[in-house]
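Read the structure below first, then the notes.
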Amino acid sequence: MNDQAKKKQINAIKGTKDILPDEIWKWQKLETEARLVFERYGYREIRTPVFEATELFIKGTGSTTDIVTKEMYTFVDKGGRSITLRPEYTPSVVRSIIENRLNLQPQPLRFYFIGPMFRYDKPQKGRYRQFHQIDIEVFGEKDPAIDAEIVEMAKNLLTRMGVTDTDVLVNSVGCQTCRPGYREKLKQKAEESRSRLCPDCQRKIGTNPLRIFDCKVEACKEISIEFPKITDFLCPECDEHFKQFCKYLDAFDISYSIEPSLVRGLDYYTKTTFEFSSRSLGAQDAVLGGGRYDDMMKEFGGPDICGTGFAVGVERLLSIVSVEENQQEWLYLIYLGDEAKSAAMEVARFLRENGVKCLVEYRERSLRNQLSRANKLNAAWVLIIGEDEVKKGTFQLKNMKTAHQDTVTKEEILKHIRRTN
Ligand SMILES: [Zn+2]
Ligand SMILES: [Zn+2]
């Protein structure tokens with residue numbers, strides 16, 4: 393490497409982003425709330441590898457979806473295997489259930505998951521190649537009550553994050569019995585309007601006409617309003633399931649509207665679909681989406697177990713949350729002289745053991761400089777330890793907000809500061 397190459401600054405990969413200490417508290421808050429809410433409903437965390445064999449995702453999302461055709465982060469590893477960074481979570485969890493025979497455990501299985509996903513998408517504002525999702529999945533529960541329960545759980549999480557301006561949209565996408573007939577009708581109708589659809593949608597007529605409803609082009613949206621609605625084509629079983637789902641939403645006192653164009657892009661969805669949209673998000677307004685995928689496990693070569701779940705885009709949700717940072721009170725230790733330094737380290741150990749967050753900095757500074765440093769770092773308390781204090785075993789404790797100062801022993805410090813355990 394020549395000198396110039398050595399000096400060249402290396403930046404993060406395009407489409408990726410650092411999450412810096414000043415913003416991480418929002419992430420931590422969301423993760424903490426998600427864990428708390430999900431575990432109250434009996435969900436358990438599962439973590440799977442970030443990369444998998446490419447064919448897992450081709451199988452899982454259906455080879456006609458955009459994710460597979462355009463957006464997978466795929467590469468060949470040193471062993472010549474085609475590897476893909478997971479573009480979504482469900483295929484991995486299904487693989488894990490089958491591989492670890494979790495399906496032999498009493499059902500339903502309830503899982504949640506928090507982690508990064510990868511899509512080789514054109515980087516644009518608010519969209520990243522590494523983005524993050526929170527997912528929940530239930531396997532082995534047919535009852536539409538569970539679909540309503542996960543909607544209620546989603547609402548609970550959003551509320552705890554201060555997101556209350558949401559609309560709940562619901563729909564049913566039918567099943568293998570009723571959807572093919574609908575798809576044909578839709579195809580015919582779309583064919584009639586072919587020339588007015590965007591090139592992408594024209595392609596979808598032949599491959600997956602339901603996905604025309606996902607198109608963001610205004611003209612396509614207008615045309616698709618006239619298309620037949622899937623809710624008019626549901627078989628008796630799907631129709632009953634959807635009615636029950638709505639009835640249970642009422643029981644949970646959740647207001648919702650039925651949105652026939654909510655078909656979700658992925659091939660494996662069956663029956664229930666739902667979405668939370670937020671008025672703060674503007675055009676791309678879904679903050680959380682989910683639905684039922686009763687045939688997926690079977691299609692993966694696994695047992696015939698139905699599934700339902702939802703996913704939250706973390707970046708998108710965090711862009712609209714209104715929560716306050718809950719800063720823990722902490723103490724900055726000021727010491728003057730060598731003897732006081734050792735004493736400060738000892739006091740810090742004692743305080744930390746007792747749940748007090750405190751900071752000692754190992755650089756010679758004057759009292760004034762240390763005070764201004766504590767102020768800059770936003771310390772709630774300062775403890776001053778000088779040679780005198782070491783001899784007496786008492787210290788000066790200063791409240792930085794009120795500037796009030798007390799002489800205290802180290803045990804007495806604990807009475808002043810709010811502690812964590
Ligand atoms: Zn059906
Ligand atoms: Zn279109």
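In my numbering, the protein residues as written are 393 to 813. For every residue, glycine included, the Cβ atom is placed at its ideal position computed from N, Cα and C.
Contact between P652 and N746 does not hold, since the beta-carbon distance rounds to 60 Å and is not under 8 Å.
DSSP, read as helix, strand or coil, puts Q568 in coil. For S647, the three-state secondary structure derived from DSSP is coil. The DSSP-derived three-state label of T440 is coil.
When C-alpha distances from C567 are compared across C627, K613 and E583, the shortest belongs to C627. Check the Cα spacing between E491 and each of L763, G694 and S764: the tightest is with G694. The way I'd put it, the stretch 717–734 doesn't touch the stretch 682–702; fewer than three beta-carbon pairs between them come closer than 8 Å. Per DSSP, the beta bridge partners of I777 are Y727. Here K462 is exposed. Its C-beta has fewer than 16 other C-beta atoms within 10 Å. Linking R439 to L477 through their CA atoms gives a straight-line distance of about 14 Å. I475 sits in a strand when the DSSP states are folded into three classes.
Within the same chain, and ignoring the five residues on either side of E707 in sequence, the residues whose Cβ sits closer than 6 Å to its Cβ are F523.
Taking K421 as the centre and dropping the five residues before and after it, the same chain places the C-beta of V715 closer than 7 Å to its C-beta, in chain order. Note: P508 is bridge-paired with H524 in the DSSP secondary-structure output.
For S616, the enclosing alpha helix (DSSP H) has its first and last residue at E610 to I617. Beta-carbon to beta-carbon, V560 and I646 are separated by about 6 Å, close enough to satisfy the 8 Å threshold. The set of residues with CB atoms less than 5 Å from any heavy atom of ligand 2 reads, in chain order, C590, C593, C607, V609 and C612. With respect to R656, V543 sits apart: the two C-beta atoms are not nearer than 9 Å. Look at which beta carbons fall closer than 6 Å to any heavy atom of ligand 1; those residues are G566, C567, T569, C570, L626, C627, E629 and C630.
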